[in-house]
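If you read the protein sequences in the order shown, they are chains A and B. If you count the first sequence from 1, you need to add 15 to reach my numbering. If you count the second sequence from 1, you need to add 6 to reach my numbering. All remarks here apply to the structure that follows.
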Amino acid sequence: MSRILVAEDDPHILRLISMWLTRHGHEVLEARNGLIARELLQADPVDVLVSDINMPGLDGLALLEAVLPQGRVRRGAVVLTNRWDHGDIRERLAEKGVHVLPKPFSPTRLLEVIDSLTAAAAAGPPA
Amino acid sequence: MATEPVGGRAQGVGSGLRLHLWDGVLPEALGLCFVAIIFGGFTTAYFTTVYFWRQQGAALRSSDAETLTRALATTLGVVAEADEQGAETEREARASVSENLLAGFTQTAPVHSVRWSTPEGTVRFAWPSDVNASLSLSATPPRTAGPATGGDGTAVATAPVRTPTGKPAGTLRIETNASGYPEWPAYLLWTWGIAAAVTLLVFTVVYHRLRRHLRPMAAIERNLQSYAGGIEKELTALTLSDSLGSVARSWNLLLEHLGELQRQQHAAAQTGPARDVLARFESTVFRRLVDRLPFGVLCVRGDHHISYANASAAALLRRPPEQLVGVSVNDAVGDPAIAQALVGVQTRGGVGSAIDQTWQDGDQEATLRFRVLPISDQPRGGEALVTVEDIGQLREDQRARDNFLYHVTHELRTPLTSIHAYVETLTKPGFDDEQTRKECYNVIISETRRLSALVENILSISQLEVGTARLDVGDVDLVRLIRQMVQDNLGAADEKHIDLTLKLPPKAPKIRGDKQRLAVLLTNLLGNAIKYTAEQGKVQVTVAVGEQCVQMAVSDTGVGIAPEDQAHVFEKFYRAADERVQMVTGTGLGLAIAREVARLHGGEIRLQSELGKGSTFTVELPLPTADPQEVSTR
Numbered sequence: 016m017s018r019i020l021v022a023e024d025d026p027h028i029l030r031l032i033s034m035w036l037t038r039h040g041h042e043v044l045e046a047r048n049g050l051i052a053r054e055l056l057q058a059d060p061v062d063v064l065v066s067d068i069n070m071p072g073l074d075g076l077a078l079l080e081a082v083l084p085q086g087r088v089r090r091g092a093v094v095l096t097n098r099w100d101h102g103d104i105r106e107r108l109a110e111k112g113v114h115v116l117p118k119p120f121s122p123t124r125l126l127e128v129i130d131s132l133t134a135a136a137a138a139g140p141p142a
Numbered sequence: 007m008a009t010e011p012v013g014g015r016a017q018g019v020g021s022g023l024r025l026h027l028w029d030g031v032l033p034e035a036l037g038l039c040f041v042a043i044i045f046g047g048f049t050t051a052y053f054t055t056v057y058f059w060r061q062q063g064a065a066l067r068s069s070d071a072e073t074l075t076r077a078l079a080t081t082l083g084v085v086a087e088a089d090e091q092g093a094e095t096e097r098e099a100r101a102s103v104s105e106n107l108l109a110g111f112t113q114t115a116p117v118h119s120v121r122w123s124t125p126e127g128t129v130r131f132a133w134p135s136d137v138n139a140s141l142s143l144s145a146t147p148p149r150t151a152g153p154a155t156g157g158d159g160t161a162v163a164t165a166p167v168r169t170p171t172g173k174p175a176g177t178l179r180i181e182t183n184a185s186g187y188p189e190w191p192a193y194l195l196w197t198w199g200i201a202a203a204v205t206l207l208v209f210t211v212v213y214h215r216l217r218r219h220l221r222p223m224a225a226i227e228r229n230l231q232s233y234a235g236g237i238e239k240e241l242t243a244l245t246l247s248d249s250l251g252s253v254a255r256s257w258n259l260l261l262e263h264l265g266e267l268q269r270q271q272h273a274a275a276q277t278g279p280a281r282d283v284l285a286r287f288e289s290t291v292f293r294r295l296v297d298r299l300p301f302g303v304l305c306v307r308g309d310h311h312i313s314y315a316n317a318s319a320a321a322l323l324r325r326p327p328e329q330l331v332g333v334s335v336n337d338a339v340g341d342p343a344i345a346q347a348l349v350g351v352q353t354r355g356g357v358g359s360a361i362d363q364t365w366q367d368g369d370q371e372a373t374l375r376f377r378v379l380p381i382s383d384q385p386r387g388g389e390a391l392v393t394v395e396d397i398g399q400l401r402e403d404q405r406a407r408d409n410f411l412y413h414v415t416h417e418l419r420t421p422l423t424s425i426h427a428y429v430e431t432l433t434k435p436g437f438d439d440e441q442t443r444k445e446c447y448n449v450i451i452s453e454t455r456r457l458s459a460l461v462e463n464i465l466s467i468s469q470l471e472v473g474t475a476r477l478d479v480g481d482v483d484l485v486r487l488i489r490q491m492v493q494d495n496l497g498a499a500d501e502k503h504i505d506l507t508l509k510l511p512p513k514a515p516k517i518r519g520d521k522q523r524l525a526v527l528l529t530n531l532l533g534n535a536i537k538y539t540a541e542q543g544k545v546q547v548t549v550a551v552g553e554q555c556v557q558m559a560v561s562d563t564g565v566g567i568a569p570e571d572q573a574h575v576f577e578k579f580y581r582a583a584d585e586r587v588q589m590v591t592g593t594g595l596g597l598a599i600a601r602e603v604a605r606l607h608g609g610e611i612r613l614q615s616e617l618g619k620g621s622t623f624t625v626e627l628p629l630p631t632a633d634p635q636e637v638s639t640r
């Protein structure tokens, strides 16, 4: 079981991801925007961060810039975006080991990515 | 006449005309006529005078001879009586008188001979001296005397000689030459001389003045004939020397004007096909049309100088049209690439590739796009058109389109993402419990509605903006419509415990408009007021009826709108950067649609807001007039 923070401003998407991860045995923290997510991460690090990019207050990219260098995300991060330049974003974030899933996304695919991150963590040292 | 040229201003080359003295043939001929007339007159007058002088002199002398003969006969009668009586003294006195008379006579008249014969036939006196004469007189011979001819020129006067007592003493006979040349009086000679000199002087002055005026006229006539006959085509070769006076200077001025007109005509003729274009440009209507084109048009001659610039070109190049015409296109644009493109089009034809020129205009980047097009089908060396477009505006429009697409796709993807994910969830075995399935269906339905509303809004704003939206115009009970809209939004207000109140006038007239679109307008305003007002806040809808319009105001105690955002809130997809705004789901289309609906109904929408205190959106719609057509039915 991994501790996962989901940062998403759309309540339906947030609810859906939370439901999927919970039912697959993960502990889920919910944040409606980037600011709340940063506060939660600074209070307590997580294994995986799942974040939208376009969020009020603090967007997903800024959130990653703020928390990844501090080691507040132990296993890895997944970014969900409906931006049409997600290809560029993918290239930029690949160096940091961040996965990018364009919206609309498959929850099954998201779960596979999270599982791969947590499985890699189980096999080796934390990211 | 001399043949030296006198046309000092002759500037022409080759066969340029010169003014010669023979150009004054007319004045010379007139001068000769004057001379002939004057000298002929003088000669005629002279000989006529001499003739009459001589005639009068001859008559005078014949008369004088008779008078003198009678007087001399009387005297000789006295002499004869005295001679008979031996009165020596009397005889000598009378002889002396006779001598004097004769002497005087012979000095004024050409006397040939004097003969005094007695009744017996003896000659008592004869002159020239007769050896047989008994009386000898010593008289001074006349200077012009000559031998008597007895012809037509001889006058003979006779008179009887009687003594004082009446006794015949013979006959006196005197022959004179009546045609003899008399003495020409000196005063007459002087008179004739002075008159001739004065006449010649006057003639000379008149002749010179006449010649001065007539010579340029003759030269002009000759030049005109040369020009009309095609002998000389260069106007500059037809100029006259300024020394020929004011006529010549006026002629030269006329030639300069003609030359200028010729040059203009020549220049216009040389432009070839552009001549026709320019002729059309000269047409006021066509000029206005070209000036109203949204892109610049430059007409460029073969030498790359601009011959025409429309108003848009002047505005884009930031120069008045008169400062563009005549300037080389390189100087006007400042980009040698244009000249290179012109050369390419003029030599090879076709359409030149686009040339973009970008510079920093204040805070913005401005870009002009130039394109070279041939005017005629014969591009070589001919004229060309250069079009100028502000593609900065095009890029701005493109940017706005891209931005619109970005927002549209973003807004579409959000409900699509939910629908996609929840549908996939329904297909998974772990989510097949009743509660989860119900939750999934609800989300799918609501997100489908959201998607449908979003598509509707996008279509609405597109139609409203491009003017293709149609209003279904009818009588609208605005108060009733507002009541219904408030009722529909009571649920959302109650969720946030917002106090939604309605303040209506006791009676409000109906307006002309599209009920459905007015409902959208009210829904958007009410929805925004509720969304951006915190819990426990207040939203109030007020309707006021004026003389010509109905005002409905939607006020809230929400987050308010910052001054820098107030100017943009009616732009589509614009959302304030305020975090409290960003926290609320919205497309940024509601106010844009509301403004367009108000405009379509001939009304307007205003905003009054203070950050942190709330906002009031006031919609003003016109009341119906007698003519229902005044409401737009687009």
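We treat Cβ as the ideally placed atom computed from N, Cα and C, and that holds for glycine. Keep in mind the model is a prediction, meaning the values are calculated, not measured.
Please report the straight-line C-alpha distance between residue i and residue j, rounded to a whole angstrom.
i, j, result
"L38 (chain B)", "A202 (chain B)", "16 Å"
"T197 (chain B)", "R215 (chain B)", "27 Å"
"L132 (chain A)", "G618 (chain B)", "45 Å"
"R18 (chain A)", "N463 (chain B)", "41 Å"
"V43 (chain A)", "S33 (chain A)", "6 Å"
"L141 (chain B)", "A165 (chain B)", "With a pLDDT of 47 at L141 (chain B), under the threshold of 50, the modelled position of that residue is not reliable, and no figure is offered here."
"A142 (chain A)", "R90 (chain A)", "With a pLDDT of only 43 at A142 (chain A), under the threshold of 50, the placement of this residue in the model should not be trusted, and no figure is reported."
"R586 (chain B)", "R105 (chain A)", "30 Å"
"R605 (chain B)", "D483 (chain B)", "19 Å"
"F623 (chain B)", "V560 (chain B)", "5 Å"
"E127 (chain A)", "V479 (chain B)", "56 Å"
"V364 (chain B)", "Y412 (chain B)", "Val is not the amino acid found at residue 364 (chain B); the sequence shown has Thr there. The straight-line gap from Cα to Cα measures roughly 26 Å."
"T96 (chain A)", "E371 (chain B)", "31 Å"
"V351 (chain B)", "G308 (chain B)", "11 Å"
"A35 (chain B)", "R217 (chain B)", "10 Å"
"H27 (chain A)", "L627 (chain B)", "39 Å"
"V212 (chain B)", "T205 (chain B)", "11 Å"
"V335 (chain B)", "V306 (chain B)", "7 Å"
"T177 (chain B)", "V167 (chain B)", "5 Å"
"P327 (chain B)", "A321 (chain B)", "9 Å"
Sort the options by Cα distance to residue i and report the nearest one.
i, options, result
"A52 (chain A)", "A:L73, A:S33 and A:T133", "A:L73"
"T171 (chain B)", "B:F376, B:V84, B:D483 and B:T433", "B:V84"
"A345 (chain B)", "B:V392, B:S313, B:G332 and B:A320", "B:V392"
"E389 (chain B)", "B:N336, B:P435 and B:L379", "B:L379"
"S359 (chain B)", "B:D367, B:G368, B:E371 and B:A343", "B:A343"
"D396 (chain B)", "B:L418, B:H413 and B:D367", "B:D367"
"A311 (chain B)", "B:Q329, B:T54 and B:V296", "Rather than Ala, the amino acid found at residue 311 (chain B) in this sequence is His. It is B:Q329 whose Cα lies nearest to the Cα of H311 (chain B)."
"V303 (chain B)", "B:V253, B:L244, B:T373 and B:R377", "B:R377"
"I648 (chain B)", "B:T373, B:Q271, B:Q352 and B:T353", "Residue 648 (chain B) falls outside the range modelled here, since chain B spans only 7 to 640, and no answer is possible."
"D100 (chain A)", "A:N69, A:E127 and A:P84", "A:N69"
"I180 (chain B)", "B:E72, B:A338, B:D478 and B:L629", "B:E72"
"N316 (chain B)", "B:V296, B:S232, B:R325 and B:S621", "B:V296"
"E262 (chain B)", "B:A273, B:D520, B:A243 and B:T433", "B:A243"
"I450 (chain B)", "B:D369, B:S424, B:T75 and B:V551", "B:S424"
Across which residues does DSSP place residue i in a beta bridge pair?
i, result
"M16 (chain A)", "Paired residues: none, contrary to the question."
"R30 (chain A)", "Looking at the DSSP assignment, R30 (chain A) forms no beta bridge with any residue, so it has no partner."
"E181 (chain B)", "B:S119 and B:V162"
"E626 (chain B)", "B:Q557 and B:E610"
"I312 (chain B)", "B:V306"
"D505 (chain B)", "B:K544"
Review point. Is it true that the stretch 36-53 of chain A meets the stretch 102-119 of chain A, where meeting means three or more beta-carbon pairs spaced less than 8 Å apart?
Key: Contact fails: fewer than three Cβ-Cβ distances are below 8 Å.
**Study point:** the stretch 528-537 of chain B contacting the stretch 486-496 of chain B, beta-carbon criterion three pairs below 8 Å
**Key:** Short answer: they touch.
Review point. Between the stretch 480-494 of chain B and the stretch 438-456 of chain B, do three or more beta carbon pairs fall short of 8 Å?
Key: Not touching, per the Cβ criterion.
Practice item. Report yes or no: do the stretch 118-130 of chain B and the stretch 36-56 of chain B share at least 3 C-beta pairs separated by less than 8 Å? Key: Per the Cβ contact rule, the stretch 118-130 of chain B is not in contact with the stretch 36-56 of chain B (fewer than 3 Cβ pairs under 8 Å).
Practice item. Would you check if the stretch 558-568 of chain B and the stretch 595-611 of chain B touch, i.e. whether three or more CB-CB distances between them fall below 8 Å? Key: The answer is no - the stretch 558-568 of chain B does not touch the stretch 595-611 of chain B, with fewer than three Cβ pairs under 8 Å.
Point to revise | Runs of alpha helix (DSSP H) lying entirely within the stretch 358-436 of chain B, each at least 4 residues, in chain order | key: Counting whole runs of 4 or more residues, the stretch 358-436 of chain B contains the alpha helix (DSSP H) stretches 397-432.
Check your understanding: Is it true that the stretch 434-445 of chain B meets the stretch 573-580 of chain B, where meeting means three or more beta-carbon pairs spaced less than 8 Å apart?
Key -> Not touching, per the Cβ criterion.
Point to revise | At least three beta-carbon pairs within less than 8 Å, the stretch 56-67 of chain A to the stretch 79-94 of chain A | key: Yes, since at least three Cβ pairs between the stretch 56-67 of chain A and the stretch 79-94 of chain A fall closer than 8 Å, the two stretches touch.
Exercise for review: Kindly confirm or deny that the stretch 49-57 of chain B and the stretch 214-234 of chain B touch, where touching means at least three C-beta pairs closer than 8 Å.
Suggested key: Between the stretch 49-57 of chain B and the stretch 214-234 of chain B there are fewer than three C-beta pairs closer than 8 Å, too few to call the two in contact.
Practice item. Tell me, please, whether the stretch 463-475 of chain B touches the stretch 423-437 of chain B by the rule of three or more beta-carbon pairs shorter than 8 Å. Key: The stretch 463-475 of chain B vs the stretch 423-437 of chain B: no contact.
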